[in-house]
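Visitor: By full-length UniProt numbering, the letter at position 410 of the sequence shown is numbered 410, and the numbering carries on one by one without gaps. Just so you know, even glycine gets a beta-carbon here, dropped at the ideal spot from N, CA and C. A quick note: this is a predicted structure, and the numbers were derived from the prediction, not measured.
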Amino acid sequence: MTAPFTHHFRLQGPTLKRCTGCGFSWYCGKECQKASWKFVHKYECPIFKNALASTELAVPLTIETVRLCLQAIIRIKHDKSWNLPSDAFPILPNRTFTNLMHHWEEIQNDPAEMEFLEVMSSYFYKTFKGIADYGDLIDMDQLGVIHGRIRINNMTIFGTYGDKLGVGLYLSGSSLDHACLPNACPSFSGTLLNIHTTESVDCFDNLRLSYLDKLYFSKPRREMLQKRYYFDCLCRACVDESLDKRMNSVRCSNCDGVILMEPFSFESEPCQKCAQSCSEKDVENVRQMLELGRHTQILLSEAKKSDDHRRVLSLSEELNSKLRKVLHPFNSLVISTSLQIACSADILGQYAKAFAHFSELSTTYTKVHPFWTFQNAEILMKCTTRGLIVKTAPKEQLELLKHFVEAMKIVSVCAGRDSPTFAYYKKFYEDCREAP
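(1) Alpha carbon to alpha carbon, how far is Ser-81 from Met-1? Give it in angstroms, no decimals.
(2) Taking contact to mean at least 3 C-beta pairs separated by less than 8 Å, is the stretch 224-241 in contact with the stretch 377-384?
(3) Just curious, the beta strand (DSSP E) that Pro-186 is in, first and last residue?
(4) Grouping DSSP H, G and I as helix and E and B as strand, with all else coil, what is Lys-395?
(5) What are the residues that DSSP puts in a beta bridge with Gly-168?
(6) From the DSSP output, read off the bridge partner residues of Lys-27.
(7) Where DSSP assigns a beta bridge to Asn-194, which residues make up the other side?
(8) If distances are taken between C-alpha atoms only, which option among Trp-372, Arg-287, Leu-100 and Lys-402 comes closest to Glu-262?
(9) Near residue 491, which residues of its chain fall below 7 Å by C-beta distance, leaving aside the five closest residues on each side in sequence?
(10) Check Leu-84 in the structure and name its three-state DSSP category.
(11) Whole angstroms is fine: what's the gap from Arg-151's alpha carbon to Phe-266's?
(12) Taking just the CA atoms, how far does Ala-275 sit from Lys-164?
(13) Nearest to His-369 by CA position, among Gln-350, Phe-330, Gln-397 and Ala-132, is which residue?
(14) Whose CA, out of Gln-350, Leu-292 and His-147, lies closest to the CA of Lys-322?
(15) My output table needs one value for Ile-91: the three-state DSSP class, helix, strand or coil.
(16) When you compare only the Cα positions, how much space is there between Leu-137 and Cys-69?
(17) Using 10 angstroms around the beta-carbon of Ala-345, count the other beta-carbons present and answer buried if the total reaches 16, otherwise exposed.
(18) Can you give me the Cβ contacts of Leu-61 inside the same chain, cut-off strictly under 8 Å, excluding the 5 residues immediately before and after it?
(19) Identify which residue in Glu-64, Tyr-123 and Ile-76 has its Cα closest to the Cα of Thr-55.
(20) For Leu-207 and Ala-184, which I take to be in contact (beta-carbon distance under 8 Å), what is that distance rounded to the nearest angstrom?
(21) Taking the alpha-carbon positions, what's the Arg-310 to Leu-348 distance?
(22) On the DSSP bridge assignment, give the partners of Val-258 in chain order.
(23) Can you tell which of Ser-332, Thr-373 and Lys-391 has its C-alpha closest to the C-alpha of Ser-359?
(24) Three-state secondary structure (DSSP) at His-178?
(25) Mapping DSSP to helix, strand and coil, what is Arg-310?
(26) Can you look up Arg-417 in the DSSP assignment and give me helix, strand or coil?
(27) Going by C-alpha to C-alpha distance, which of Gln-142, Asp-133 and Ser-279 sits closest to Ile-107?
(28) Could you have a look at Leu-339 and say whether DSSP puts it in helix, strand or coil?
(29) Please confirm whether residue 460 and Cys-271 have their CB atoms less than 8 Å apart.
(30) Can you round the beta-carbon distance between Cys-414 and Thr-198 to whole angstroms, since I take them to be within the 8 Å contact cut?
(31) In this structure, does DSSP put Leu-327 in helix, strand or coil?
(32) Is Trp-26 near Lys-34, with beta carbons less than 8 Å apart?
(33) Which class does Leu-57 belong to by DSSP, given the choice of helix, strand or coil?
(34) Assign His-328 to one of two classes, buried (16 or more other C-beta atoms within 10 Å of its C-beta) or exposed (fewer than that).
(35) Going straight from the alpha carbon of Gly-190 to that of Thr-127, what length do you get?
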């Protein structure tokens, strides 16, 4: 496979080129469109056109996994370079699509995955009828292996502003193992994958990416990794019990100090400030706050679906005020709720409120989350830019620049100084400096 498996996206936009044949696929430019046509789209275009004529066949095309499997089937059938080693990545010269892990044996024990595969196989038989013969590739065993390789090895492609553009399959990127606290992070220039190290790494084999978008407690995190990727994570974050305790830190009822508490057994250490231990009442209060958090998250999800930002802000503020009476500001639930308040207030133009929470997050977020993340850069940048709006004294504005420097440091490492993301952050800051 000599080209990235990512040529077209199901994403509309004013600068994207649309295929006039099927009217379904969009491209970032003519070169991208030509490359897609050469490798796959001249075969999938009539399939899309046929499927879009039927409501029953059109809906599954909106599922990324279905489109990726379709591309894989087409390339296996028609692209002779598909199983050839690539000279584009000399560190792994013999890595091909057929080398990728598929975990088909484990997938067969997952009823939900098998039901999805049966539906997808039936769908392909209907969609290909009268257009192309891919019968040997869409029976359950063959399709299961193809689907497994894509499911286990695909990567989400993000744009300049952190927006999700689609998913792609990269032979190089898929070779990197997972760590919940990674030492590298990906960025994308179009469909080109860039890997940036966030600390010194002595060789390629020791590079680690995070397969998860968020850092959860170790138990649900390991369960998600096992269910999604079929491995038991034993990285330093998963074996370090203190990280879970920090994420579930409790406010001492005696002095407001920090009490580290295990999130499932609720066993705790004495307060780091006054040495007081948690009482049974304290533990019960923590249980109630966690349950309240779960309930509120359901309500927040419903409000987000309708873009009801005022409702999201109201729910988040109500939850946050109750959490802070029991949980410490370093608690991951307090941090995530505070981040929700900051983002919602920012959208609604309540910049003073947004700044207050972004400012607190600039010190609390990295207590339980990695420093080298775009989320942390966004917090630091918003702290600077929103602060420039509400803080008018030159001395106060000068103090805010340290957050901007930290944000740009993160972006320069995680995306590169020549990246569109770096240019976007710099312009974003300059626009706020010029705003009245």
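Guide: Looking at the atomic coordinates:
(1) Translated into positions along the sequence shown, residue 1 becomes position 1. Translated into positions along the sequence shown, residue 81 becomes position 81. With a pLDDT of only 44 at Met-1, under 50, the local geometry of the prediction cannot be trusted, and the value read off the model is given with reservation. When the Cα atoms are used, Met-1 and Ser-81 turn out to be separated by approximately 5 Å.
(2) no
(3) Sequence index remark: in the sequence shown, residue 186 carries index 186 (1-based). Per DSSP, Pro-186 belongs to the beta strand (DSSP E) from 184-189.
(4) Start at 1 with the first residue of the sequence shown, and residue 395 comes out as number 395. Helix.
(5) Here residue 168 refers to the residue found at position 168 when the sequence shown is read from its first residue. Partner(s): Met-155.
(6) The residue labelled residue 27 in the question sits at position 27 within the sequence shown. Residue identity differs from the one stated: residue 27 is Tyr in this sequence, not Lys. Residue pairing from DSSP places Tyr-27 in a beta bridge opposite Lys-17.
(7) For the purposes of this step, residue 194 is taken as the residue at position 194 of the sequence shown. Beta-bridge pairing links Asn-194 to Ser-187.
(8) As a first step, residue 262 is located in the sequence shown; it is residue number 262 there, counting from the start. Here the closest residue by C-alpha is Arg-287.
(9) The requested residue 491 is not part of the displayed model; the chain covers only 1 to 436.
(10) What you label residue 84 is simply residue 84 of the sequence shown in a count that begins at 1. Residue state, collapsed to three classes: coil.
(11) As a first step, residue 151 must be located in the sequence shown, where it is residue number 151. As a first step, residue 266 must be located in the sequence shown, where it is residue number 266. Near 36 Å, if we compare the C-alpha coordinates of Phe-266 and Arg-151.
(12) Taking the first residue of the sequence shown as position 1, residue 164 is located at position 164. Taking the first residue of the sequence shown as position 1, residue 275 is located at position 275. Cα-Cα distance, rounded: 46 Å.
(13) On the sequence shown, position 369 is the one that residue 369 refers to. Out of Gln-350, Phe-330, Gln-397 and Ala-132, Phe-330 has the C-alpha closest to the C-alpha of His-369.
(14) As a working note, residue 322 is residue 322 in the sequence shown. Closest in alpha carbon position to Lys-322, among Gln-350, Leu-292 and His-147, is Leu-292.
(15) Within the sequence shown, residue 91 is the residue found at index 91, counting from 1. If DSSP states are grouped into helix, strand and coil, Ile-91 belongs with coil.
(16) Walking along the sequence shown from the start, residue 137 turns up at place 137. Walking along the sequence shown from the start, residue 69 turns up at place 69. Each residue's Cα considered, the two are about 10 Å apart.
(17) Numbered from its first residue, the sequence shown carries residue 345 at position 345. Burial call: buried.
(18) In the sequence shown, residue 61 corresponds to position 61, counting from 1. Excluding sequence neighbours, Leu-61 sits near Arg-10, Phe-24, Phe-48, Ala-51, Leu-52 and Arg-67.
(19) Working through the sequence shown from its first residue, we reach residue 55 at position 55. Ranking Glu-64, Tyr-123 and Ile-76 by Cα distance to Thr-55 puts Tyr-123 first.
(20) In the sequence shown, counting from the first residue as 1, residue 207 sits at position 207. In the sequence shown, counting from the first residue as 1, residue 184 sits at position 184. Beta-carbon to beta-carbon, Leu-207 and Ala-184 are separated by about 5 Å, close enough to satisfy the 8 Å threshold.
(21) In the sequence shown, counting from the first residue as 1, residue 310 sits at position 310. In the sequence shown, counting from the first residue as 1, residue 348 sits at position 348. Rounded to the nearest angstrom, the two C-alpha atoms are 8 Å apart.
(22) Here residue 258 corresponds to residue number 258 of the sequence shown, with the count starting at 1. Answer is Arg-251, bridged to Val-258.
(23) Here residue 359 corresponds to residue number 359 of the sequence shown, with the count starting at 1. Among Ser-332, Thr-373 and Lys-391, the Cα nearest to that of Ser-359 belongs to Lys-391.
(24) Taking the first residue of the sequence shown as position 1, residue 178 is located at position 178. Strand at His-178.
(25) For this step, residue 310 is matched to residue 310 along the sequence shown. For Arg-310, the three-state secondary structure derived from DSSP is helix.
(26) Taking the sequence shown and counting its residues from 1, the one referred to as residue 417 is at position 417. Note: Arg-417 maps to coil in three-state DSSP.
(27) The residue labelled residue 107 in the question sits at position 107 within the sequence shown. Residue Gln-142 is the option with its Cα nearest to Ile-107.
(28) Taking the sequence shown and counting its residues from 1, one reaches residue 339 at position 339. In the structure shown, Leu-339 sits in a helix (DSSP, three-state: H, G or I).
(29) It is not possible to answer for residue 460, since the shown part of the chain is limited to 1 through 436.
(30) Position 414 of the sequence shown holds residue 414. Position 198 of the sequence shown holds residue 198. That belief holds up - the Cβ atoms of Cys-414 and Thr-198 are roughly 7 Å apart, short of 8 Å.
(31) Residue numbering aside, residue 327 sits at position 327 when the sequence shown is read from its first letter. Of the three classes helix, strand and coil, the one that applies to Leu-327 here is strand, per DSSP.
(32) The residue you call residue 26 lines up with position 26 of the sequence shown. The residue you call residue 34 lines up with position 34 of the sequence shown. Cβ atoms of Trp-26 and Lys-34: not closer than 8 Å.
(33) Indexing the sequence shown from 1 puts residue 57 at position 57. DSSP places Leu-57 in helix when its eight states are reduced to three.
(34) The sequence position of residue 328 within the sequence shown is 328, counting from 1. It counts as buried.
(35) Along the sequence shown, one-based indexing puts residue 190 at 190. Along the sequence shown, one-based indexing puts residue 127 at 127. Using only the alpha carbons, I get a separation of about 30 Å.
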